[in-house]
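For reference, each letter of the sequence shown is one residue, going 5 to 768 in my numbering.
Below is one structure, written out as structure tokens, with a few remarks after it.
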Amino acid sequence: MIISRPSTDELVARAADVPLQAQTQVVVDQGDCCVVMVDGQALGKVEPGRWLLQQLPFGQQLLAGQGGTTDFLYVFTRPFGPLRLGGRLDAAGGARFFAEASVVVHDPVLYVRSVVGSSAEEGSRWIIATLGSELGSALERVALDTPIEQLSSSLPGIAQTVTQGVGQKLGGVGITFQQLTSLNVKSPQGAGPAASGSTGAGVGRLQLVGPIAGKVTAPSPDPEITQYETFGLFVAADPVAMGHYSGYRPGWRWLSRGAGSLMNQVHGWPLAPNGTTSHHFTTEAEARAYYGALRQHALSSVPGLTPQDTRQEIGLNVPTAYCETLWSNGQEVLYLLYDRMGDMGVFGNETDGAIGIFPAGPEVPAVPELPIITYRTASDVLYVAVGPGPSGAADHVLIIFSDAHAPEPTIPDGMPRAEWMSKFERPGLQFTGDILVVQWGRFSGAEVLAGEDANDPVASLAAKLGSNIAIPLHVQDEAAARLGGHPPAYAVRMEPGTYSLDHYELTTQNHGSFSFCAISRDGAESFLPSDVVGNAGGVQLGGLSVEQYAMLSTERDNLVMRMGPQACTSREMEALCQRYNIPFTEDGMAGRVNDWEHYIANDPAFSAQWAMQRGIATMRLQGQEPNEQQLAAIAQQQNMAQQSLEQNASQLDDIRDAAIHIIRSSANRTPEDVLTMVGQLGPQFAVETVLHKTLRILREPDEFGRFDHIESCVEPLARAHYRSMSPEDQSFEGSEDKFFKEEREAVYSAYDIDVPGFFSKLFG
């Protein structure tokens, strides 16, 4: 067994637990140190090298099991950074400062014993807080007699002041402050010079509005409410639409659903409007009628089924709802239900990924089909930010989850380097009166808007907003006392226009991870800094950031071009791998990190960033450090490529949705029926492409969900796909029967269904 550092990007990293045996090896790399803790007390340290546990001075004590919990904490002893610092300067009229610094741990045992204890994360936060506080104090003193626009150029003097100020504080816990590498001071309006010593990061376009409640400090005494207070769903909508949002209480949606093993044994089931046997209807009568159709088909198809009333077991939402199971030979074979549902449960279960858009109601007054935007995330306090537009109203509204609860400086800086994940577009998405309400999904629209004019909530909110871009909204019930002082909702004044919804993710070294949805006006300037080249949301794989891996890949490719194929197993390649601290192999794949290669090949939203980073790496290897203008041009190219990728991704989403529709509609159809249905989708959908996607979706139920009627839809889909192929592709695949049987075997295997035939039974 081997004990080693599990991560190369943390100042302190805890090794994974392994059995402590005499032959257990403790591996410590150069520039690192391993501090051994027993029950939170430092036992000793292990210097760089490869050691057997029995060789350590305290090894016998560990092998004897003396003490309790044993932790191996790896602490970098080489310079560590950049640490991102930030804060506000009262002496400079509320200006904000951002900086990067580095430190060295000269006494790992003292640092772990004094600061880290059992929480490595808290140790890093303490260093950042201490440095940030001292830097802020130094800047406050200088700002008394120095103009704001000159503060960023005072880096050398400020660095010396910080060194003197933190020397004793950090030295007392085993840390030496090394250097301040960049400094940027922005005016209260957000304008300011580029960072001294930085790469010219642009000024973000976001204002942090404040936290929004997404959890309670104490659970409700009502068990019915408690189960929804741990649900991380946030919703945003026009005030008129939000007034129809029911929260967890039953709203207008009526669910009617049939499920069970009988679905795959009986054919010809009546399908709901969405092409499945589960649908949300507008009225109770529609839901009850579909329930009756499913029940009648089951009873007429399988004589002898025994119904069992399960209303009391399920706990339905309204008295008129119904639920039952159907049994055959002592086995439950079908589950049937219709019930009135709350919007929170519907949206939470059906939101595709993190974001979604749902209709607010069947007949919303004034403006029909106003939508409700959903963002499903962790059950936690989140943050609302806005990006002001030309008039001062919002072009962008962001709902942001921060696992470290460190909204600054990342949010006001414009979420630089955030990676776009997915887009949700709805034609004509607008807001009546150009006002948006954002709230925790636990509350209904009626609760949040209780203080507004019920006949005209838009006018009521507009009057309260006045010239403000956003104001908090409150709830008037017992929950208000349990929200930790955070408002559950905000009203935001929006720029007129059409909007879309995007999902982003970002991982930072010093401020934790972020996941957020952005409600953005079409055509508005991006809130992301325009001159910051992306880095895959801060992701590090194999211990390397995307910038580092781009540099490694460029050096590797240059080496192969210079030496030929033998470069892959050469000493030069081994030295290159050692320099980037990745394993060297002799299988021809040296210099590659599999996780990064997979990321590059399978994440289209990242490929634009990767191309830009390779360009920068090429310049640097040629001795050219990109200047601010070159970086801005590269970032502009990246943004253009990103927009193209978003459009392509949107088209891929359309193909996926079309394929799912065809799957749901293909049960017991002929191949000719399927070809006709695909042809009716529209000229933008290539028949062969959509049918190819249907079979790929069926092969991956863990990713796309499981479909009913598998045994009655695979054959028409496979044969229709074969008939849509070109003659060349048909020749390559062989006969139609052979193609169908291969596809059936792949799909049935994914669904754990026996393939008909002697050999499948023999070897299955």
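The beta carbon of each residue, even a glycine, is placed where N, CA and C say it ideally should be.
Residue interval of the beta strand (DSSP E) (run including residue i)
{"i": "Cys572", "result": "Segment: none, Cys572 is in no beta strand (DSSP E) and carries neither H nor E."}
{"i": "Tyr379", "result": "375 to 380"}
{"i": "Gly352", "result": "First-last for Gly352: 347 to 354, but that is the alpha helix (DSSP H), not the beta strand (DSSP E)."}
{"i": "Tyr387", "result": "386 to 392"}
{"i": "Pro311", "result": "310 to 313"}
{"i": "Phe744", "result": "Premise fails: Phe744 lies in the alpha helix (DSSP H), 740 to 754, not in any beta strand (DSSP E)."}
{"i": "Val401", "result": "398 to 406"}
{"i": "Gly283", "result": "What sits at residue 283 in the sequence shown is His, not Gly. Here the beta strand (DSSP E) through His283 covers 282 to 285."}
{"i": "Pro363", "result": "359 to 363"}
Residue i (DSSP reduced to helix, strand or coil)
{"i": "Trp273", "result": "coil"}
{"i": "Glu499", "result": "coil"}
{"i": "Pro254", "result": "strand"}
{"i": "Tyr249", "result": "coil"}
{"i": "Leu338", "result": "strand"}
{"i": "Val189", "result": "strand"}
{"i": "Gln211", "result": "strand"}
{"i": "Gly194", "result": "In this predicted model, Gly194 has a pLDDT of only 36, less than 50, meaning its place in the structure is not dependable; the value taken from the coordinates is given anyway. Coil, per DSSP."}
{"i": "Ala17", "result": "strand"}
{"i": "Arg117", "result": "helix"}
{"i": "Thr81", "result": "coil"}
{"i": "Gly206", "result": "Because the pLDDT of Gly206 is 33, which lies under 50, any placement of that residue in the model is unreliable, and the question is left without a value."}
{"i": "Ile6", "result": "strand"}
{"i": "Val564", "result": "helix"}
{"i": "Tyr584", "result": "coil"}
{"i": "Phe102", "result": "strand"}
{"i": "Ala240", "result": "strand"}
{"i": "Val177", "result": "coil"}
{"i": "Glu576", "result": "helix"}
{"i": "His515", "result": "coil"}
{"i": "Ala263", "result": "strand"}
{"i": "Gln182", "result": "strand"}
{"i": "Ser669", "result": "helix"}
{"i": "Leu532", "result": "coil"}
{"i": "Ser524", "result": "strand"}
{"i": "Phe708", "result": "helix"}
{"i": "Val109", "result": "strand"}
{"i": "Gly171", "result": "helix"}
{"i": "Arg88", "result": "strand"}
{"i": "Ile604", "result": "helix"}
{"i": "Ser504", "result": "strand"}
{"i": "Ile216", "result": "strand"}
8 Å contact criterion, which residue i and residue j should meet: CB distance rounded
{"i": "Phe84", "j": "Leu15", "result": "5 Å"}
{"i": "Ile361", "j": "Leu505", "result": "7 Å"}
{"i": "Val462", "j": "Thr436", "result": "5 Å"}
{"i": "Pro492", "j": "Trp444", "result": "5 Å"}
{"i": "Ala105", "j": "Leu159", "result": "In fact, because the Cβ distance is near 11 Å, the residues do not count as touching under 8 Å."}
{"i": "Tyr342", "j": "Ala358", "result": "In fact, because the Cβ distance is near 29 Å, the residues do not count as touching under 8 Å."}
{"i": "Leu67", "j": "Leu56", "result": "No, Leu67 and Leu56 are not in contact; Cβ-Cβ is about 11 Å, not under 8 Å."}
{"i": "Tyr389", "j": "Tyr508", "result": "The question names Tyr, but residue 389 is Ala in the sequence shown. With a Cβ gap of about 12 Å, Ala389 and Tyr508 do not count as contacting."}
{"i": "Leu93", "j": "Ala46", "result": "That belief does not hold up - the Cβ atoms of Leu93 and Ala46 are roughly 39 Å apart, past 8 Å."}
Interface flag, residue i vs chain D, CB-CB below 8 Å
{"i": "Asp399", "result": "This model lacks chain D altogether, as it is built from one protein chain only."}
Endpoints, the alpha helix (DSSP H) within which residue i is located
{"i": "Ile757", "result": "Note, Ile757: premise wrong, no alpha helix (DSSP H); not H, not E."}
{"i": "Tyr726", "result": "714 to 728"}
{"i": "Val678", "result": "675 to 683"}
{"i": "Tyr294", "result": "288 to 305"}
{"i": "Thr329", "result": "Taken as a continuous stretch (DSSP letters only), Thr329 belongs to no alpha helix (DSSP H), being part of the beta strand (DSSP E) at 326 to 332."}
{"i": "Arg700", "result": "691 to 702"}
{"i": "Pro227", "result": "227 to 230"}
Next item on the list: Please go through the segment 25 to 74 and give each complete beta strand (DSSP E) segment of 3 or more residues, from N-terminal end onward.
Entry: 29 to 32, 36 to 42, 45 to 50, 53 to 56
Notebook entry, point to check: Going along the chain, which unbroken runs of the beta strand (DSSP E) with 3 or more residues stay wholly within the segment 425 to 478?
Noted result: 439 to 444, 474 to 477
Notebook entry, point to check: Is it a yes or a no for the segment 395 to 402 touching the segment 378 to 385, going by three-plus beta-carbon pairs under 8 Å?
Noted result: no
Notebook entry, point to check: Taking one C-beta from the segment 659 to 677 and one from the segment 273 to 281 each time, how about it: are there three or more such pairs within less than 8 Å?
Noted result: yes
Note to self: Is it the case that the segment 286 to 298 contacts the segment 224 to 234, given that we only count it when at least three CB pairs across the two stretches are under 8 Å?
What the structure shows: no
Check: Are three or more beta carbon pairs between the segment 408 to 418 and the segment 260 to 280 nearer than 8 Å?
Finding: no
Notebook entry, point to check: Quick check: the segment 463 to 479 against the segment 547 to 566, are there 3 or more CB pairs under 8 Å?
Noted result: no
Check: Touching or not, the segment 526 to 534 and the segment 557 to 564, by the rule of three or more beta carbon pairs under 8 Å?
Finding: no
Next item on the list: Pair every Cβ in the segment 572 to 587 with every Cβ in the segment 621 to 635, then say whether three or more of these pairs are closer than 8 Å.
Entry: no
Check: Touching or not, the segment 750 to 761 and the segment 731 to 741, by the rule of three or more beta carbon pairs under 8 Å?
Finding: no
Note to self: Count Cβ pairs between the segment 446 to 463 and the segment 245 to 261 that sit closer than 8 Å; are there 3 or more?
What the structure shows: yes
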